[in-house]
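Peer 1:
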Amino acid sequence: MESPYRLTTINNPYNPFDEYDKWYAFDISHMYNTDGAIARCLTTSDELPEDIQRKDWENALDTVLKWDVFGIYRKVT
């Protein structure tokens, strides 16, 4: 499942689409664990159709943004 959206933090200089390894290293080294935050909000399964998985992914991103009390996350395309 490929989505046109990802989350990143406002200070991460790397692109989560094109520079994922560098983006991830920065994210973890600053203790954000963005992927973990998204994973906690996902309710999908690989066995569901792609359109449902994509919608769940986008809902998970929106949920992380909704509960981002420090304003550190942003959605990127």
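First residue of the sequence shown? That's 799 in the numbering used here, and the numbers climb one at a time after it.
All C-beta atoms in this analysis are idealised placements derived from N, C-alpha and C, irrespective of residue type, glycine included.
Which residue or residues does DSSP assign as beta-bridge partners of residue 806?
Peer 2: Numbered from 1 along the sequence shown, position 8 holds the residue referred to as residue 806. Answer by DSSP bridge pairing, in chain order: 872.
Peer 1: What are the complete alpha helix (DSSP H) segments, minimum 4 residues, inside the region 824-871?
Peer 2: 832-839 and 848-864
Peer 1: Would you call the region 854-873 and the region 833-840 touching, i.e. three or more CB-CB distances under 8 Å?
Peer 2: Yes, the region 854-873 touches the region 833-840.
Peer 1: In this structure, does DSSP put residue 816 in helix, strand or coil?
Peer 2: Within the sequence shown, residue 816 is the residue found at index 18, counting from 1. Residue 816: coil per DSSP, three-state reduction.
Peer 1: Less than 8 Å between the beta carbons of residue 751 and residue 852, yes or no?
Peer 2: Examination of residue 751 is not possible in this model, given that the chain is present from 799 through 875 alone.
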